[in-house]
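Protein chains: 4
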Amino acid sequence: MSKKTEDEYTYRGHLWFAMRPGIGLLTEAVAPEFQIAERGWEKKPSFLAYHMFDKAHVVMLTEQGIIPRENGVAILKAFRRMEAEGVIKARERVGGVDHSGEAYLITELGWDIGGRLHIGRSTGDLATVSLHLAQRDYIIETMESLLATRKAMVEFAEKHVETITPMYSPGLTVYGSSYMMQHAQVMTFGYYIMAFVNQLERELRKLEAIYDLVQISPAGAAIGIGTDVQNFSRNRTMELLGFDDIYRNCYDAEKHEWYTLDSFASLLTLSHVISGLFHDLLIYSTSEFNLVEPADRYCGTSSIMPQKKNPTAFRWLSDLTVNVKARMLGADSVDGMHRSWTDVINGLRMIPGIMETLQVNVERNEELAGEFWSGAADLAAAIVRERGLPWRTAHQIVATLVRIAKSEGNRPQDVTGAYLDRAAKEYPDYGEPLGLSTRIIQDSMNPRLMVERRTLVGGPAPVRVREEIAASNRLLQIDGVRIEARRRRLGEAAKKLERAIDALIESG
Amino acid sequence: MSKKTEDEYTYRGHLWFAMRPGIGLLTEAVAPEFQIAERGWEKKPSFLAYHMFDKAHVVMLTEQGIIPRENGVAILKAFRRMEAEGVIKARERVGGVDHSGEAYLITELGWDIGGRLHIGRSTGDLATVSLHLAQRDYIIETMESLLATRKAMVEFAEKHVETITPMYSPGLTVYGSSYMMQHAQVMTFGYYIMAFVNQLERELRKLEAIYDLVQISPAGAAIGIGTDVQNFSRNRTMELLGFDDIYRNCYDAEKHEWYTLDSFASLLTLSHVISGLFHDLLIYSTSEFNLVEPADRYCGTSSIMPQKKNPTAFRWLSDLTVNVKARMLGADSVDGMHRSWTDVINGLRMIPGIMETLQVNVERNEELAGEFWSGAADLAAAIVRERGLPWRTAHQIVATLVRIAKSEGNRPQDVTGAYLDRAAKEYPDYGEPLGLSTRIIQDSMNPRLMVERRTLVGGPAPVRVREEIAASNRLLQIDGVRIEARRRRLGEAAKKLERAIDALIESG
Amino acid sequence: MSKKTEDEYTYRGHLWFAMRPGIGLLTEAVAPEFQIAERGWEKKPSFLAYHMFDKAHVVMLTEQGIIPRENGVAILKAFRRMEAEGVIKARERVGGVDHSGEAYLITELGWDIGGRLHIGRSTGDLATVSLHLAQRDYIIETMESLLATRKAMVEFAEKHVETITPMYSPGLTVYGSSYMMQHAQVMTFGYYIMAFVNQLERELRKLEAIYDLVQISPAGAAIGIGTDVQNFSRNRTMELLGFDDIYRNCYDAEKHEWYTLDSFASLLTLSHVISGLFHDLLIYSTSEFNLVEPADRYCGTSSIMPQKKNPTAFRWLSDLTVNVKARMLGADSVDGMHRSWTDVINGLRMIPGIMETLQVNVERNEELAGEFWSGAADLAAAIVRERGLPWRTAHQIVATLVRIAKSEGNRPQDVTGAYLDRAAKEYPDYGEPLGLSTRIIQDSMNPRLMVERRTLVGGPAPVRVREEIAASNRLLQIDGVRIEARRRRLGEAAKKLERAIDALIESG
Amino acid sequence: MSKKTEDEYTYRGHLWFAMRPGIGLLTEAVAPEFQIAERGWEKKPSFLAYHMFDKAHVVMLTEQGIIPRENGVAILKAFRRMEAEGVIKARERVGGVDHSGEAYLITELGWDIGGRLHIGRSTGDLATVSLHLAQRDYIIETMESLLATRKAMVEFAEKHVETITPMYSPGLTVYGSSYMMQHAQVMTFGYYIMAFVNQLERELRKLEAIYDLVQISPAGAAIGIGTDVQNFSRNRTMELLGFDDIYRNCYDAEKHEWYTLDSFASLLTLSHVISGLFHDLLIYSTSEFNLVEPADRYCGTSSIMPQKKNPTAFRWLSDLTVNVKARMLGADSVDGMHRSWTDVINGLRMIPGIMETLQVNVERNEELAGEFWSGAADLAAAIVRERGLPWRTAHQIVATLVRIAKSEGNRPQDVTGAYLDRAAKEYPDYGEPLGLSTRIIQDSMNPRLMVERRTLVGGPAPVRVREEIAASNRLLQIDGVRIEARRRRLGEAAKKLERAIDALIESG
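Written out as structure tokens, the structure reads:
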């Protein structure tokens, strides 16, 4: 537990200058045991966001004549001094948490000037404005990291367009229903990765949608009905903070919990895609599967077992989505939202390096792909094609074949025309030899040919996947331009705010 | 527990025709105790969705020459007979669950024709296609109900643009952090409701976004790499099912769990808005608050307490979002998704009637609004305006005033200029009389004037709220047209499918 | 959705005889759209529990003279007729849900007699009494199934006391943090299973503790303060229902949600043990691990892939605990509690059969155990023992050895004294040859010897494990006797109730 | 984010002395971006627990001759120096996290002595032993705080045995299903609080049960099969750490996640009781209910609304259980377990002060109790008693009465014999006057008489509640003695460990 003294908490906590015991409303200081309890739930204050809002608010108040020009100028100069000291350091020094701006001004300039800051807004504004600013930063950072991740994955996929790999099913599910990881069919490693790329492309669309939802300004909504202070301009503050729109109902603006849920709605699916991939890779990197091996830098070892190379980064990434869900359920969903975005961004920043250094054991992949009857469905399809049988009949003949072969210790490579005929004769609803050549049988179950035959839209044939990679590369270009444009607009708004401050200071 | 016999389960369950013990792969029937266990988790099969997919698939197979034309025609005719019997009834009769189409055809037409249905697709297709069809139906029904709900809420708001009501804070939160419900300021009931209308307007935008995500066809992705059957057309099936696009990677298409999460991401925020409103109304309808009263038809009573009128529908609606979250966490998120959409749609269908019959106790609302010092912040603002004091000084003088008044049993109505001066003198950082007139003091704290003064953008002044109501009415028109257009396109696709069937039957 | 008509719901739902529109308190019938919404959340009524409570309540009322003896006798005779018809069928027929007893009596005997049943109790009593009865049934059934499961697992362990198997780490975790499944050391399959047996032994202790918590009678607590009806005896009802104690505060008794949480607290850990085991077995049964194979009767297959043998029962069992947690979070935790107990009991009933038929691939287990350097820690221990080096030095020399060997494609079997010396010389903090014999090195890493050397308390040496198996067999005997005693006491209470009814009917 | 340099992380993290890049197994340092990501999930290390285990382990190793006596003595002396410096400070200084003991010894005494510490145990032991030690501390602190809480609540209840208060229903539920808070019947405030006391009495029993589960020693289980080091004594370490028993299967001992779930199972119900009470009090302290008022020291105020007195401590306590559940679902349930125990203990430490200073508005409580027809059920009971009517008939007559009275604006106090007769005549299944005296009617609905009449077991009559208070006081005595005994045993074990260290140092 923190070692701060009780005094510090009593006098320097949230809104301390309005909670002096016996002055104003309350007659007692906060109970020490309650202070101790609350510490555990203390959020890291969003000092930079409070600072930006404080500045924009004061510019507006001064421009609109709500506070005397000389007071406004004095405040803005003080904020410049605070920036020289370091915003976080200075605000921590004076206490007050979300109200650290007012605490600083009262400390530095006295009650008569410092006490003028907060007119026309509330603690609620501080919470909602800082939440909106924080979320837009998280989202844009996520977009940028996501782009780098997609790029690295597409490059990886390109290298493995021809790498045959098993396809397991029923598919993976991270949370909830567990793996079966049974051999189903075959694909290429590049194709497999492109499935995740396509998912991440859709995730970017969703991030853009929620970016627009946080780009609406709650500033000036106060605690839910705004203020009756004359000349107060919510539009001017919106502009100085770089928002694109304004809430048309202050009570709506104050219901900020909804907007952390918008973040979670996005984190829910995005983290699921990431964790889904690394849940697979965790299994793929066991000695038994041995399909891939992570670079040492993403691994840990053991204090007693000298041979242990634990793929801890894969585990960290595969746990992401579980934590996002748990945090969404806590009473303090704001804190959970901060942690979740941070984790997702940190996770995305790891992936390019992981993909670049990931060793794919190409031969092992191809060997496993051919070993466990993954071509059985294609053999059934060959029977349909060659003999015109109904699908179900062909399917059941091959099922019978697999049962016989396994019981006799035979492998797919051992199946001849005659061996298949034994199964066809045993199967009660057919009962005759099929007379297929061993060549047709073996071709149908050949992993590489299976992949190459699948030239249908969305299929794993290299020719198809290369087209999709080209499409994904084009989309990377387009999305890059869109994200940069958003970044630029935020930069311009920040400059506009500083210029407005300069203008006031100079004119004052 | 269900009373079905074990026999029924053994022989008629999912894929029974491919799981006959000793025929094909498996040598044993499913263990009876496992059948019993699974029953608890049985999902209601999406028979109508399977049926639509079965038909579109057969049309495509026949048109493309993948199955003999006479077989295709026989199958389509059989499906028409199934429709005459009733799709759900007929499919339940033959068992097979998701494979009830094949089960029906084998039962009615024999293995030789019935066994041809499933070529080129998998159980995976059945799951993903039916999930996509189900979700698009849910979403469009939700959109329609949401429109009706918004309409009823706007009409209600219009009636209560002038109804003064308390504003409580710190706001409500449904799940997680609890109510405080302390008197903060005042607003109107119409303004309060419009905050929820604005939220629901944004929810519609999100629903449109996920509608687009489910309008992508997974059909023909088979179990993750599509098929190698020649001439197979995923595009034709997409068209016949009314989808707008096609997954460009079959493995991506198969990872269907992502797409139930997209539903949950939407349900998460939408259900939260609904439950947030009714969590409030549940408290508002206690005898102590007595702000509103629901119509009897939304209430229950007690087996022993003759006076009890329990607002059970409010409770049901306020629980919605909790259930959505819990279901998202279960292993079977598909089942949870079905239940959650159903609940949300049912909930939305209740709201128009509730709003129409909700009795607002207008006098009680206004009385409570004025009773608990909700005008104190406006009194502080008046002191700033009249005497040029810093906000914080004025705020602390009024805090002192409230403390004195409460300890002496005085109410807001009792505050005179002289009484305020006592507080100003007691407050250590000021210490002088303010000399405000009683008129100014009383006007500042008058609930109706508080509301009327707030003409800022987003404020509760009736003149402002009427503008927002007009804007919301225009948006209702626009959204109505958009939803109808989506409905129409689905209707047209359904007709196209039937015409394609007609054409084949006639030509066959 | 259910196909019941609205009429049925309007007139036959919960407490219909006290909710006739316009008669009594409420002037309207329940809104049809609310009825539809509620259907989705309908719980399966606990008719047999209501019935038992109804009978005990009437016996007490009659014995205490609270209702006229002739009325009491008429009611008890009617209940006997109901039993002849079938309790569930009769109660469904008359509607009323939890009040189906009163509904039946009013229907059969008229208002004048039927209307006397409910005196001195409430809907609350019906809920809490039936919850207590249901939970004690679930718990005792769980205990019995758990005993059978432990027995089957101990028998299985006995067969595999000598079966060498890999030990993977960092351990498994079902929900939340994922598998790593890296080779750590070696153990026997019997020892592994006994770890789960020990856990289940502790689970039984917890079940006994919560059994005692549900064996407290809430009957007569009414809605929270009991009744003022004279001569009312909560003690007599307690006795007739077979409870062991009585709540000493009726308001406490009414807060039933706590008691479903007691169930969940138990289900939380018990389901986790079960799912933990089967999460392992799911991985163990992949083709890559191939350590075990389930019997066909616990598996499914595929509609297109003839080779697929999906271990669906393992998956079902490994999902158990996820569902328990999700249900605990829903608004209707009572419903979730019913489902969770049912699943856990069904799951436990499956396990004996699974263990009996589970095929362990003994050779494959032993082969994997020796393959991936699982003896490296024991080689380090041998160096400490033979050369007196610090543990950390020995550990790092072996780490260096493994790195060199892997890079050169050597396996544990290839390590000679000279090869180890290369590593010792390369390791910078030692730098000299160790001079160990190849024999010592190979013995240290021999999987069977590794196991046999571990004769410490809790170790995997067969001699130790056989002792623990004997201890677990003794505990099975003891626990069996304890469970039977509880069953017997419930049976005796049931007989006492019937005898009391007989006595009244005969005397009446 | 932390400002530690990358160097610090690279070289001082968990197990740094076994992860030097290029020395031993791994060739690379941990990737910087992975280090950054992991920081967010860093747990506060349990340095004091590691320290206690390190000491006990070395004593055992030395006594058993596993490490040379002079090395053991040197290590124990170094640990004494570490204690002089401060255990946490010294361990933070040397890095190594859970392995900070070895890191310290290597730093202070060199590899040759320091490298001997870890023989025969693993990181797994460090995790499970420290988890067991932490949990037993948490549990015993919880027991002590719980005792103080119960004491304060019983004292509070004693003061309010006669304070009439409304009883609301259907009951409260913290998480999930929401409040209805409709007037049901009446009780006393003391009786109400005693219901929670009874619940907490049962919670202590559960805490004792899980205390026994964590008092089993996992020390020496290593990573799941123990060690093959000769003379190693798990029993001696158990004894020195003050455990009561030992895991009989090392693999069982290593599966520590189960044991955090045992903590959660207990926290789940305990936190629910606490939050349940404060969820009520949060509503009770609204201006509308106004039944209670917390002391200022448990409240906050507002930056703009001078009148705001927010009961923030009640809110904190009512959120407890929500956070416990959310944390149980995260991937890192160990971290969540630490936070949850800390919160529960902090919460319990607040309650005595809250109860002592809680102001109950006695008149307001009694006034509300009589106002909203809470006596209606007793009026029905009076009709049954006086006129021999069936309960249901009486119940419906009174329901009719309430409907008429409400529509005519009459209150319970206004009901006369004649007025009741109007209802009786209107009720279609009766239709005659009842002829009850106004005196009987008014007595039946008198809140104080309602309470006094309820002398049944578990009823709210003061005479009954005083008996229960006496019983709860006796139990406080008994439980106090039991908790002290546990504390004493832990103290004695700690002394035994120090004496064993002394003996070795002296003999060395």
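Residue numbers (my numbering), protein chains in the order written: chain A, 4 to 511; chain B, 4 to 511; chain C, 4 to 511; chain D, 4 to 511.
Cβ coordinates follow ideal geometry from the N, Cα and C atoms, glycine included.
(message) I'd like to know if the region 105-113 of chain A and the region 447-458 of chain A are in contact, where contact means that at least 3 CB-CB pairs between them fall below 8 Å.
(response) no
(request) Please report how far the alpha carbon of A:Phe281 lies from the alpha carbon of A:Leu320, in whole angstroms. (result) Looking up residue 281 of chain A in the first sequence gives position 278. Looking up residue 320 of chain A in the first sequence gives position 317. For A:Phe281 and A:Leu320, the distance between alpha carbons rounds to 6 Å.
(message) Just to check my reading of the structure: B:Ser266 and B:Ile213 have Cβ atoms closer than 8 Å, yes? What is that Cβ distance to the nearest angstrom?
(response) Numbered from 1 along the second sequence, position 263 holds the residue referred to as residue 266 of chain B. Numbered from 1 along the second sequence, position 210 holds the residue referred to as residue 213 of chain B. Right, their Cβ atoms sit about 7 Å apart.
(request) Using the DSSP secondary-structure output, state which residues sit across from A:Asn313 in a beta bridge. (result) In the first sequence, residue 313 of chain A corresponds to position 310, counting from 1. In DSSP, A:Asn313 forms a bridge with A:Gly303.
(request) Using beta-carbon positions only, say whether B:Phe50 and B:Ile78 come within less than 7 Å of one another. (result) As a position in the second sequence, residue 50 of chain B is number 47, starting the count at 1. As a position in the second sequence, residue 78 of chain B is number 75, starting the count at 1. No; because the gap between Cβ atoms is not below 7 Å, this pair is not in contact.
(request) Step through the CB atoms of chain C and report whether any lies within less than 7 Å of the CB of A:Ala402. (result) By one-based count along the first sequence, residue 402 of chain A stands at place 399. It does; some Cβ of chain C falls within 7 Å.
(request) Please name the residues in the region 183-208 of chain B whose beta-carbon is closer than 9 Å to at least one beta-carbon of chain D, in chain order. (result) Met183, Met184, Gln185, His186, Ala187 and Gln188
(message) Going by C-alpha to C-alpha distance, which of D:Ser103, D:Gly350 and D:Val401 sits closest to D:Ser278?
(response) On the fourth sequence, residue 278 of chain D is found 275 positions in, with the first residue counted as 1. If we check each option's Cα against that of D:Ser278, D:Gly350 comes out closest.
(request) Give a yes or no on whether 7 Å exceeds the smallest Cβ distance from B:Thr289 to chain D. (result) Looking up residue 289 of chain B in the second sequence gives position 286. Answer yes: the Cβ-Cβ gap between B:Thr289 and chain D drops below 7 Å somewhere.
(message) Measuring straight from C-alpha to C-alpha, what distance separates D:Ala222 and A:Leu371?
(response) One-based indexing of the fourth sequence puts residue 222 of chain D at position 219. One-based indexing of the first sequence puts residue 371 of chain A at position 368. Straight-line Cα distance between these residues: approximately 41 Å.
(request) Please classify C:Ser440: does DSSP put it in a helix, a strand, or coil? (result) Residue mapping note: residue 440 of chain C aligns to position 437 of the third sequence, counting from 1. Here C:Ser440 sits in coil by DSSP.
(message) Here's the rule I'm using: 16 or more other beta-carbon atoms within 10 Å means buried, otherwise exposed. How should C:Val157 be labelled?
(response) Mapped onto the third sequence, residue 157 of chain C falls at position 154. Label assigned to C:Val157: buried.
(message) Quick check on A:Gly179 - is its C-beta less than 7 Å from some C-beta in chain C?
(response) Translated into positions along the first sequence, residue 179 of chain A becomes position 176. Only weak support is given to the placement of A:Gly179: the predicted model assigns it a pLDDT of 49, under 50, and the question is left unresolved by the model.
(request) For B:Tyr301, return the contacting residues in chain C, with the cut-off set at a CB-CB distance below 7 Å. (result) Here residue 301 of chain B refers to the residue found at position 298 of the second sequence. Residues of chain C passing the Cβ test: Ala34 and Phe37.
(request) Say yes only if the C-beta of D:Ala198 is nearer than 6 Å to one or more non-hydrogen atoms of the ligand SAH, and no if none qualify. (result) Inclusion of the ligand SAH in the displayed structure is not the case, the ligand content being empty and no account of it being possible.
(message) Assess contact between the region 397-408 of chain B and the region 300-310 of chain D, defined as three or more Cβ pairs (one per stretch) separated by less than 8 Å. Is contact present?
(response) yes
(message) Does D:Tyr262 come out as helix, strand or coil in the three-state DSSP assignment?
(response) Within the fourth sequence, the letter at position 259 stands for residue 262 of chain D. D:Tyr262 falls in the helix class under three-state DSSP.
(message) Which residue marks the beginning of the alpha helix (DSSP H) containing C:Val484, and which one marks its end?
(response) Along the third sequence, one-based indexing puts residue 484 of chain C at 481. Note, C:Val484: alpha helix (DSSP H), Pro465 to Ser510.
(request) Output the boundary residues of the beta strand (DSSP E) element that contains C:Ser49. (result) Taking the third sequence and counting its residues from 1, one reaches residue 49 of chain C at position 46. Per DSSP, C:Ser49 belongs to no beta strand (DSSP E) and is neither H nor E.
(message) On the DSSP letters alone, give me the boundaries of the beta strand (DSSP E) that D:Ile167 sits inside.
(response) Taking the fourth sequence and counting its residues from 1, the one referred to as residue 167 of chain D is at position 164. Residues Ile167 to Ser172.
(message) Just to confirm, is the Cβ distance from C:Val517 to C:Tyr301 under 7 Å?
(response) Residue coverage of chain C in this structure runs from 4 to 511, which leaves residue 517 of chain C outside it and unanswerable.
(request) Evaluate B:Ile504 with the Cβ neighbour count: other Cβ atoms within 10 Å of its Cβ, from every protein chain shown; 16 or more gives buried, anything less gives exposed. (result) As a working note, residue 504 of chain B is residue 501 in the second sequence. Buried, since its Cβ has 16 or more Cβ neighbours within 10 Å.
(request) Indicate whether D:Asp283 and C:Arg457 have their beta-carbon atoms separated by less than 7 Å. (result) Along the fourth sequence, read from residue 1 onward, the residue named residue 283 of chain D stands at position 280. Along the third sequence, read from residue 1 onward, the residue named residue 457 of chain C stands at position 454. No, these two residues do not count as a Cβ contact at 7 Å.
(request) Output, in chain order, the set of chain D residues within a Cβ distance shorter than 8 Å of A:Ile69. (result) Stepping through the first sequence from its first residue, residue 69 of chain A is reached at position 66. Going along chain D, no residue has its Cβ under 8 Å from A:Ile69, so there is no contact; the nearest lies around 15 Å.
(message) The beta strand (DSSP E) that contains A:Val460, what's its start and end?
(response) Indexing the first sequence from 1 puts residue 460 of chain A at position 457. That residue, A:Val460, is in no beta strand (DSSP E); it is neither H nor E in DSSP.
(request) For C:Ile122, collect the residues of the same chain with a Cβ closer than 8 Å to its Cβ; drop the 5 residues on either side in sequence, then sort them by chain order. (result) Here residue 122 of chain C corresponds to residue number 119 of the third sequence, with the count starting at 1. Leu64, Ile69, Ile70, Thr230 and Val232, listed in sequence order.
(request) Give, in chain order, every residue of the region 460-490 of chain A whose Cβ lies closer than 7 Å to some Cβ of chain B. (result) Val460, Gly461, Gly462, Pro463 and Glu471
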